[in-house]
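Heads up: the structure comes next, in structure tokens.
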Amino acid sequence: MPSCSSPKVSFIDQAPARESFADAVLAGLGRRPRTLPAKFFYDRAGSELFDRITDLPEYYPTRTEIGILRQEAPRLARMIGPGAQLIEFGAGSLAKVRLILSALEAPEGFTAIDISGSHLKAAAEELARDYPQVPIAALCADYTRPLTLPEPLASSSARRVGFFPGSTIGNFEPDAAVDFLATVHPIFEPRGLFIVGVDLKKDRATLEAAYNDSAGVTAAFNLNMLERINRELEGNFALERFRHRAFYNEEKGRIEMHLVSLADQVVSVAGRTFSFRKGESIHTESSYKYAIGEFQSLAARAGWLPAGVLTDPENLFSLHLLKTG
Ligand SMILES: C[S@@+](CC[C@H](N)C(=O)[O-])C[C@H]1O[C@@H](n2cnc3c(N)ncnc32)[C@H](O)[C@@H]1O
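Residues 173 to 497 in the numbering used here are what the sequence shown lists, from first letter to last.
Set out below in structure tokens:
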């Protein structure tokens, strides 16, 4: 596997090839209803836009989850114990793991996994500057594909603790979330823990405001998918002819994000053409919300046992502690 190391971070590149982006886009635009996989939001521009979303007043999940972690990090650290190997999935800007790393006793190492390579590398190097005593690996990979864990993590017998914040698990369809949790379960055996951030069900107005911010950053994040297709796959989407739409689908318990065509139009991508009718949409992301018991049942289907749930005083967000058994 290609790898390059700065003095403090080993960076391992298992990024999906351009072909897998092209195949997914062509397949998704060709089916009805049209879809694009949310994981492809995150090129460098998409990751930066996501970081801006986390600072928005309407976007309660980030500040709420950080509040829970700030409050509960000492308790988490006691549960985890000394000398653990910490592994974060969908690491993003690595802001939240700092609260855990600061509380942990002598962690043996930290591995950050994310699909967005250059953003991951920059975030891991910044983390390494602030935590020079912790060996840090940055693995650019798609965690829905089989993962090759880097050394020294792969051969370490230390207790492994997973961290999957941001309610990114909600971007999976529920059955796919079970598959993901079941696939990673063996990584954590024996004695492993998994800390998973899960957005809770709540009133429609709060949910819909979080995905329709008044500054238009979420709209720009959604539309960046089309810009990325234009940049990387010789697409010719006219961005002003599509509109961001996000709403709570209560029956399914999920926020849906769409890009809606504002006109009858023909778009070409990687040499193929796609006709859109006015009002037709591309479904770009689902964000499932789970009551505490719902998520525990889902995790149990993947072999994980509940080991505790942490929430905020307003019951906006939950952090599930799961154990391998
Ligand atoms: C909703 S953001 C959360 C970021 C951060 N963990 C937080 O809590 O603010 C999702 C993150 O997961 C990454 N991601 C999404 N799908 C992925 C996949 N299939 N494999 C690896 N990383 C993925 C994105 O690049 C992004 O950094």
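Beta carbons are placed, not taken as given, at the ideal position from N, Cα and C, and that holds for glycine.
Note that the structure is a prediction, hence the values are computed from the model and not measured.
Euclidean distance between Cα positions of K501 and L494: With the chain covering only 173 through 497, there is no way to say anything about residue 501.
Closer than 7 Å: S219 CB and nearest ligand 1 heavy atom: Taking the first residue of the sequence shown as position 1, residue 219 is located at position 47. Yes.
Residues of its chain near F352, where Cβ-Cβ distance is below 7 Å and the 5 sequence neighbours each way are ignored: Mapped onto the sequence shown, residue 352 falls at position 180. The residues are T316 and F344.
First through last residue of the beta strand (DSSP E) which encompasses T456: Walking along the sequence shown from the start, residue 456 turns up at place 284. Taken as a continuous stretch (DSSP letters only), the beta strand (DSSP E) holding T456 covers S453 to Y460.
P346 - DSSP class collapsed to helix/strand/coil: As a working mapping, residue 346 is identified with position 174 in the sequence shown. Helix.
Burial state of P179 (16 or more Cβ within 10 Å): Taking the first residue of the sequence shown as 1, we reach residue 179 at position 7. Unreliable placement is indicated for P179, whose pLDDT of 49 sits below 50; the coordinate value is still reported in the next sentence. That one is exposed.
Neighbour-count burial assignment, P205, 16 or more Cβ in a 10 Å radius: By 1-based counting over the sequence shown, the position of residue 205 is 33. Per the 10 Å Cβ criterion, exposed.
Segment contact flag, the stretch 287-305 with the stretch 325-343, C-beta cutoff 8 Å, min 3 pairs: no
Buried versus exposed, by CB contacts within 10 Å (16 or more), R203: By one-based count along the sequence shown, residue 203 stands at place 31. Result: exposed.
Terminal residues of the alpha helix (DSSP H) in which D286 lies: Numbered from 1 along the sequence shown, position 114 holds the residue referred to as residue 286. Membership of D286 in any alpha helix (DSSP H) is not indicated; the residue belongs instead to the beta strand (DSSP E) covering G281 to D286.
For Y303, the first and last residue of its enclosing beta strand (DSSP E): Translated into the one-based positions of the sequence shown, residue 303 becomes position 131. Premise fails: Y303 is in no beta strand (DSSP E) and is neither H nor E.
Alpha carbon of S433 to alpha carbon of E422, nearest angstrom: Locating residue 433 in the sequence shown gives position 261, where the first residue counts as 1. Locating residue 422 in the sequence shown gives position 250, where the first residue counts as 1. In a straight line, the C-alpha of S433 is about 24 Å away from that of E422.
Alpha-carbon to alpha-carbon, A189 and G407: Within the sequence shown, residue 407 is the residue found at index 235, counting from 1. Within the sequence shown, residue 189 is the residue found at index 17, counting from 1. The straight-line gap from Cα to Cα measures roughly 18 Å.
Per-residue DSSP class, three states only, for L276: For the purposes of this step, residue 276 is taken as residue 104 along the sequence shown, with counting starting at 1. Three-state DSSP puts L276 in coil, outside helix and strand.
Contacts around A479, its chain only, beta-carbon distance under 8 Å, and the 5 residues preceding and following it disregarded: The count along the sequence shown starts at 1 and reaches residue 479 at position 307. So the list reads M251, L365, L493, L494 and K495, once near-sequence residues are dropped.
Contact test: P318 Cβ vs ligand 1 heavy atom, cutoff 7 Å: Looking up residue 318 in the sequence shown gives position 146. Because no heavy atom of ligand 1 lies under 7 Å away, the Cβ of P318 does not count as near it: no.
Member of C312, Y232 and F282 whose CA lies at the smallest distance from the CA of L299: Locating residue 299 in the sequence shown gives position 127, where the first residue counts as 1. Of C312, Y232 and F282, the residue nearest in Cα terms is F282.
Beta-carbon gap between I308 and A296 smaller than 8 Å: Within the sequence shown, numbered from 1, the residue matching residue 308 stands at position 136. Within the sequence shown, numbered from 1, the residue matching residue 296 stands at position 124. Taking 8 Å as the Cβ cut-off, I308 and A296 qualify as a contacting pair.
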